[in-house]
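Okay, so the sequence shown: first residue is 9 according to this note's numbering, each after it adds one.
Even for Gly, the Cβ is constructed at its ideal location relative to N, Cα and C.
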Amino acid sequence: APSFIISRIPGFGYPIREGIALALKCDIDANPWSRPIWMKVEKAFFASQSIS
Numbered sequence: 009a010p011s012f013i014i015s016r017i018p019g020f021g022y023p024i025r026e027g028i029a030l031a032l033k034c035d036i037d038a039n040p041w042s043r044p045i046w047m048k049v050e051k052a053f054f055a056s057q058s059i060s
């Protein structure tokens, strides 16, 4: 089964407020290779893509 680790900047435990910059990272260990898809208001965003 695939495994994954999700991290973010600012780190977990810090509140996220509207207008601040946020970075999400997902490290995946899977065979075959897998790519995360991030969702925001029903729209898909792929790795290394900016969301505004």
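Leaving aside the five residues that flank ALA31 on each side, the residues in its chain whose CB is nearer than 6 Å to its CB run, in chain order, ILE17. DSSP links LEU30 through a beta bridge to no other residue. For ALA38, the three-state secondary structure derived from DSSP is coil. It is roughly 13 Å from the alpha-carbon of CYS34 to the alpha-carbon of GLY19.
Cβ contact annotation for ALA52 (same chain, cutoff 7 Å, sequence separation greater than five): ILE45, in chain order.
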